[in-house]
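Structure record follows, encoded as structure tokens.
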DNA sequence: TTTTGTAGTTGCATTATGCAACCACATGCG
DNA sequence: CGCATGTGGTTGCATAATGCAACTACAAAA
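Chains as they are written, first to last, in the numbering used here: chain A, 483 to 632; chain B, 483 to 632.
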């Protein structure tokens, strides 16, 4: 799928996927959340070809999800860091992680978990809640078209 | 990226993306949440080539995210419906939707919204919460490796 | 000065995707 | 019956994306 011009796709999900919906982008962002910042570290962590990584990083920067800044340690290189827009993907990554944990491991098979730094306890399961705080199942929700907005 | 054999990738995010990380799968699943069930309806809704759709639907079925069942109306065709595993992707889709809403629309540009069927009000913003219910930023969390589990 | 490390680029082979045409089966209609 | 239409695909072929390995450029270290 080639990129659609931003204003074409009416659906927010489609627009989001247009930006991060390829094989590597979300893994790069996951690594970024885990503190990876350098080209070579992404490359080693992901095992992706360098030309592909170059293209993906450039696009993530162009889309305002990552930004290039001078390295924090003394080295003369640059680092890729998450912007505010990139940080807003946190719930997406966590939701994906939890879905992966729930459905892609055999019983008793170990996997990494996301914990609160303060108390080392696992984070809560991500939920879709109504305005008054009740848990919503997919069938209890509805996508309202913009024309129907008041 | 070719599919990795399931047990290769240690990270839950990677395993999840291995299954639904391509261009079309999440859009198919979004449509499925919106009630689309038939091959032709997916095809018209997404504008995807039929051979690609065939491949994606088959894979989603093989992965246990969609299931084929006899049509609910009288017609002799089959329908693709979300399994429990597929329904568990709800928070992922909603998180993606909310990120798209927040970052891919100009001010005053209208978009569809997800509402509670009961009261027609928008669902809450998805959040990552600690075990005691506090909102967590990415930097307040940490991925703990399985070997570090007790 | 040679080696090592970082961050790429380039060329080429392989793979995936997109498009249009075709196909098989069933139903509806005259 | 005979033919059009709708559904759910398959097939062939062109184009685009990806993967791999080799190569480059620059800086620092030995």
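We treat Cβ as the ideally placed atom computed from N, Cα and C, and that holds for glycine. It should be emphasised that the depicted structure is a prediction, and the values quoted were computed from it without experimental measurement.
At least three beta-carbon pairs within less than 8 Å, the region 510-517 of chain A to the region 536-553 of chain A: Contact between the region 510-517 of chain A and the region 536-553 of chain A is present, because at least three Cβ pairs lie under 8 Å.
Distance between residue 507(B) and residue 550(B) (C-alpha atoms, nearest Å): So the alpha carbons of these two residues sit roughly 16 Å apart.
CA-to-CA distance, residue 502(B) to residue 492(B), given in whole angstroms: Taking the Cα positions, residue 492(B) is about 16 Å away from residue 502(B).
Terminal residues of the beta strand (DSSP E) in which residue 623(A) lies: Annotation for residue 623(A): the continuous beta strand (DSSP E) segment containing it runs 623-626.
Cross-chain neighbours of residue 572(B) in chain A, by beta carbon under 7 Å: In chain order: 610, 620.
For residue 618(B), the nearest candidate out of 597(A), 617(A), 610(A), 612(A) (CA to CA): Looking only at 597(A), 617(A), 610(A), 612(A), the smallest Cα-Cα distance to residue 618(B) is reached by 597(A).
Chain B contacts from the region 520-541 of chain A (Cβ-Cβ distance under 7 Å): Correct list: empty, as no residue qualifies.
Spatial distance of residue 526(B) from residue 613(A) (CA atoms): Roughly 33 Å separates the two Cα atoms.
Those residues which DSSP pairs with residue 562(A) across a bridge: Answer is 550(A).
Minimum Cβ-Cβ distance from residue 567(B) to chain A less than 8 Å: So yes, residue 567(B) belongs to the interface.
Whole-Å CB distance - residue 561(A) paired with residue 519(A), under 8 Å assumed: The Cβ separation is near 4 Å, so the contact holds.
Residue(s) in a DSSP beta bridge with residue 597(B): In DSSP, residue 597(B) forms a bridge with 624(A), 604(B).
Beta-carbon proximity list for residue 534(B), same chain, < 8 Å, skipping 5 on both sides: Short of 8 Å from the beta carbon of residue 534(B), and not among the five residues preceding or following it, lie these beta carbons of its own chain, in chain order: 506.
Boundaries (first-last residue) of the alpha helix (DSSP H) holding residue 581(A): Per DSSP, residue 581(A) belongs to the alpha helix (DSSP H) from 572-585.
Contact check, residue 581(B) vs residue 574(A), beta carbons under 8 Å: Against a cut-off of 8 Å, the Cβ pair of residue 574(A) and residue 581(B) comes out as a contact.
Where residue 542(A) sits in the DSSP three-state scheme: The three-state reading of DSSP puts residue 542(A) in helix, counting H, G and I together.
Host alpha helix (DSSP H) of residue 525(B) (start-end): Element bounds for residue 525(B): 521-528.
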